[in-house]
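To start, the structure under review is shown below, and the notes come after it.
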Amino acid sequence: MTTAAMAKAKSRGDYVRIVGLIFGGIVLLGIIYGYITNPVTTTAVLASTLRQSTPLVLGALCGLIGERSGIINIGIEGQMLMAAFIAFLANVYTGNLFVAVLAGLATGAVLGGFLAFMSVTLKMDQIIGGTVINILALGLTSFFYQTGLTTQGKLQAIALGPLAEIPLIGPVFFDNPPITYATLILVMVVHYVLFYTRWGLRTRAVGEHPSAADTVGINVYKMRYINVIIGGSIAGLAGAYLTLEAVGSFERAMTNGRGFVALAVMIFGKYTPFGAWGAALLFGFAVALQTQLQFSGRLEIPHQFIGMLPYVLTIVVLAGFVGRTRVPAAVGKPYEKE
Amino acid sequence: MDKTNRPIVLEAKGLTKRFPGVLANDNINLKLHQGEILALLGENGAGKSTLMNMLYGLYTPTEGEIWIKGEKVELSNPGEAIDRGVGMVHQHFQLVPPMTVAENVMLGSEITSGGGRLNMRQAIRNVRELSEQYGLAVDPTAVIEDLPVGTQQRVEIIKALYRHADILILDEPTAVLTPQEANELFRIMRDLTAQNVSIIFITHKLKEVLAVADRIGVLRSGQMVGTAMPEDSTETSLAEMMVGRNVILRVEKSASKPGQPVLQIQNLHVHDDRGHAAVEGVDLEVFAGEILGIAGVEGNGQRELVEALTGLRHIDAGKIRIDGQDTTHFSPRQITELGVAHIPEDREKHGLVMPYTLSDNMVLNRYFKAPYAKGLIMHHDKIDENGKVLVKEYDVRPPNVHALAQNLSGGNKQKVIVAREFSSPTKLLVAAQPTRGIDVGSIEFIHKEIVAQRDHGVAVLVVSAELDEVLGLADRVAVMFDGRVVKILPIAEATRERVGLLMAGSDA
Ligand SMILES: Nc1ncnc2c1ncn2[C@@H]1O[C@H](COP(=O)(O)OP(=O)(O)OP(=O)(O)O)[C@@H](O)[C@H]1O
Ligand SMILES: [Mg+2]
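Protein chains in written order, with my numbering: chain A, 7 to 344; chain B, -16 to 491.
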């Protein structure tokens, strides 16, 4: 490499790192300042950040498990919505929250299986396959939903003993309901599985170069099926989160585009679990901040503009500083064996 | 050496493979003995890769039996072939570009410690051991996409050895290797056979066959047409067996009659994909009616030079003129429109759109013009007509214009590109590795076409890693080394020895 090109590449990396550090520093100082001047609000905003990010992280994990194996899943929205609905019904009729969560997981998995069938077995266009799921979920849930049904209870926060007592950090991280904890654990588990295990190596190979995987005896179709099904069940968990943990009941189209934002989060997170988590937190933070600003009513700005904050902030920060994302090479292409 | 008295390790009995509309393999019988190198010859599309893919479990035979080490087997996937000791290096490398050497080697046969956790350290150690044991130099931690093709080739061989393959299928392993790398490969192959590994070796280079094979099998149009022993064969006899007619292995041409300069390159500077300086101050002129051959070991800036002058690569400094026009910052389309034909080195990436039909691929440089299009409307009947004429003229097999480019054999892909590029009006022809992976019959054909273009007054620039090809075709030879043209010789003064020395960087 010529020295000029090297210097250029290096300065680009340094630039991103420095901006990142400055940005992180400002956020940290802001949080500390906020905590000193107004501890209650600051804690509330941060706790809300985590809550807002949970379904996005889960959706992004669903997406990236699929895409790493070569299948685009734009049906996350539908998988979430359908799972939210079924989890809600399960709760209404059994009264058991655990059964309801399982019902959500299973619904997501079934829809994942359906997507895999369309894109792997039928070799359908994957965007169309995902759209089919979205339309199906919206139609079915709207049709079968009856007003007046109420859930029997909601997943409650579990404080983790003395950890929950730590100022600021305690209430934000260690006093949450189960699916929020599960999400944090899932981020780590998916990261570990994807980058440190046999399964992850094979998944990435299948998404990058399926015929290379095939020639060493890996069953490309099976890998894709299983990844999309597991991804679906994670999207199902996000749906269960919405009805059983966040809201406590079902509303028509309650996912409200989260499945699509999750896709953006996945891409901004460079198809890595921790990247997606960071991107989701940023987005969640902007949403929480926006809600707080509207709530306090102290700013003389039309609420429509405040409402844009999450989207604008996400675009500026992530598009400006994250840099190029490398997409799995074989994503979206059906694999032909012969 | 005759090794046919040794035990048979692999046998095909009456193997047939039918693709929709193509009988790729027709009742093939083949035996491979222990420790033997069986060279397999055949024209492009003869069915060599198809046969190997069946033996490796990638394709399911339509009919016939496969016997491995005395046992009849039904291979439903490559995993089952691997378990029986079959390893294969594919015509197109099967490596995952963003992964490391060690990851690629162990993929599918991973070393894990408890709970499926990859044991990278052990994998790296294993690769290092194999690389030392067989003299296959690779760095296990290097990322594949950063490696030159010769090294990638070694990774493919290590992949097979890592799986304890004792039956090794090498499908055109030397097509992308330099002569030095190829010799290195032959040394490795002989070492392996000394350890009782049996090898099927596919190539289009007859010299290699004579140098390394114990026995030779020839395929033609999906049928096994015969076997031969290297000691009883010559290049000419093998070529004839392959093609079924007499092949002229030398290029026949008269002296050139150079005219006006068509391509003028002044002090050109270009960098490669990684930002390294690749072409550092090249001056070159090619005249109408002559063939300038560029000789050089691959990776000395030839690729970047060709990409720069066809508009595919940014030019850092210097000037290019084509037919009097300054094209330094022209787009590929503008350059094509000037009458420049380009046979690119990487035919799958720059030459064809793989999921398109042959007809569509045959008009990629002119689909937007009459008679193929009018305004926004494409005239598919005209496009197909053009395809049909060219398929016939250039003998593309199968002769079906609606076949997809991705289903063609390697050599036929090349013919499609040649057909397209040679069939539009041309002033300058830039041909990079024009006969890589091509059978002798088609080489003869393509060489004839190149000479015919020259005789029509086209200026021709040929870049080839095959020294024989450059010396056979060129009227003048330019030798590239380390990003520079170190010498330009008239063909009469370009002896093998002299050019070889120049290619190696010494001043001859
Ligand atoms: N997947 C496929 N679908 C349809 N036809 C195919 C497929 N693979 C190969 N063919 C056809 O089968 C025939 C044999 O192809 P094959 O690749 O085996 O040739 P080859 O001898 O390896 O040629 P080359 O020297 O050019 O590599 C060709 O006519 C080719 O077009
Ligand atoms: Mg082949």
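Idealized CB from N, CA, C, for every residue including glycine.
None of the values given here were measured: they were computed from a predicted structure.
Beta-carbon proximity of residue i to residue j, cut-off 9 Å
{"i": "P334 of chain A", "j": "Y247 of chain A", "result": "no"}
{"i": "V399 of chain B", "j": "L373 of chain B", "result": "yes"}
{"i": "R419 of chain B", "j": "Q397 of chain B", "result": "yes"}
{"i": "L275 of chain B", "j": "R459 of chain B", "result": "yes"}
{"i": "I127 of chain B", "j": "P80 of chain B", "result": "yes"}
{"i": "V280 of chain B", "j": "L24 of chain B", "result": "no"}
{"i": "I152 of chain B", "j": "M225 of chain B", "result": "no"}
{"i": "I326 of chain B", "j": "I318 of chain B", "result": "no"}
{"i": "S125 of chain A", "j": "V234 of chain A", "result": "yes"}
{"i": "M463 of chain B", "j": "A278 of chain B", "result": "yes"}
{"i": "R204 of chain A", "j": "M229 of chain A", "result": "no"}
{"i": "Q206 of chain B", "j": "E328 of chain B", "result": "no"}
Under 7 Å by beta carbon: chain A residues contacting residue i
{"i": "Y42 of chain B", "result": "E344"}
{"i": "V79 of chain B", "result": "A211, E214, H215 and A218"}
{"i": "E86 of chain B", "result": "L207"}
{"i": "E93 of chain B", "result": "R204 and L207"}
Short CB-CB distance (under 9 Å) between residue i and chain B
{"i": "V196 of chain A", "result": "no"}
{"i": "S125 of chain A", "result": "no"}
{"i": "N233 of chain A", "result": "no"}
{"i": "F274 of chain A", "result": "no"}
{"i": "R332 of chain A", "result": "yes"}
{"i": "M7 of chain A", "result": "Its pLDDT being 36, under 50, M7 of chain A is placed unreliably by the model, and nothing is read from it."}
{"i": "G338 of chain A", "result": "no"}
{"i": "I191 of chain A", "result": "no"}
{"i": "M12 of chain A", "result": "Residue placement at M12 of chain A is flagged as unreliable, the pLDDT there being 44, under the threshold of 50; a coordinate-derived value is accordingly withheld."}
Chain-ordered chain B contacts of residue i [CB-CB under 9 Å]
{"i": "W205 of chain A", "result": "G99"}
Min CB distance residue i to chain A below 9 Å
{"i": "P123 of chain B", "result": "no"}
{"i": "M35 of chain B", "result": "no"}
{"i": "L391 of chain B", "result": "no"}
{"i": "I141 of chain B", "result": "no"}
{"i": "Y39 of chain B", "result": "yes"}
{"i": "H385 of chain B", "result": "no"}
{"i": "M71 of chain B", "result": "yes"}
{"i": "R467 of chain B", "result": "no"}
{"i": "F351 of chain B", "result": "no"}
{"i": "M82 of chain B", "result": "yes"}
{"i": "L90 of chain B", "result": "yes"}
{"i": "F464 of chain B", "result": "no"}
{"i": "R137 of chain B", "result": "no"}
{"i": "F270 of chain B", "result": "no"}
Unbroken beta strand (DSSP E) run spanning residue i, endpoints
{"i": "I274 of chain B", "result": "I274 to A278"}
{"i": "R332 of chain A", "result": "Neither: R332 of chain A is in no beta strand (DSSP E) and is coded neither H nor E."}
{"i": "R198 of chain B", "result": "R198 to R203"}
{"i": "L21 of chain B", "result": "I20 to G25"}
{"i": "V271 of chain A", "result": "Counting along the chain, V271 of chain A falls outside any beta strand (DSSP E), though it belongs to the alpha helix (DSSP H) covering R264 to F274."}
{"i": "A271 of chain B", "result": "That residue, A271 of chain B, is in no beta strand (DSSP E); it is neither H nor E in DSSP."}
Partners in chain A for residue i, counting only beta-carbon separations shorter than 9 Å
{"i": "I152 of chain B", "result": "Here the premise fails: no neighbours, minimum Cβ distance about 11 Å."}
Chain A residues whose Cβ lies nearer than 8 Å to that of residue i
{"i": "P61 of chain B", "result": "D220, T221, V222 and G223"}
{"i": "I65 of chain B", "result": "V222 and G223"}
Closer than 7 Å at the beta carbon, the chain B residues around residue i
{"i": "Y202 of chain A", "result": "R100 and L101"}
Segment limits, alpha helix (DSSP H) that includes residue i
{"i": "S217 of chain A", "result": "P216 to T221"}
{"i": "K365 of chain B", "result": "H363 to E376"}
{"i": "S181 of chain B", "result": "Taken as a continuous stretch (DSSP letters only), S181 of chain B belongs to no alpha helix (DSSP H), being part of the beta strand (DSSP E) at S181 to I185."}
{"i": "L6 of chain B", "result": "Premise fails: L6 of chain B lies in the beta strand (DSSP E), V5 to H16, not in any alpha helix (DSSP H)."}
{"i": "E191 of chain B", "result": "L189 to V195"}
{"i": "I400 of chain B", "result": "G393 to F405"}
From the options, residue whose alpha carbon lies closest to that of residue i
{"i": "L232 of chain B", "options": "B:L454, B:D465, B:E480 and B:L(-2)", "result": "B:L454"}
{"i": "D149 of chain B", "options": "B:G47, B:Y39 and B:A353", "result": "B:Y39"}
{"i": "A268 of chain A", "options": "A:A252, A:A286, A:H215 and A:M124", "result": "A:A286"}
{"i": "T156 of chain A", "options": "A:A244, A:G290, A:N97 and A:G145", "result": "A:N97"}
{"i": "V222 of chain A", "options": "B:G227, B:V208, B:V468 and B:I140", "result": "B:I140"}
{"i": "A125 of chain B", "options": "B:Q116, B:E115, B:K(-14) and B:V110", "result": "B:V110"}
{"i": "L119 of chain B", "options": "B:T161, B:S92 and B:M172", "result": "B:M172"}
{"i": "E167 of chain B", "options": "B:T340, B:G133 and B:R100", "result": "B:G133"}
{"i": "F270 of chain B", "options": "B:Q243, B:P354 and B:H259", "result": "B:Q243"}
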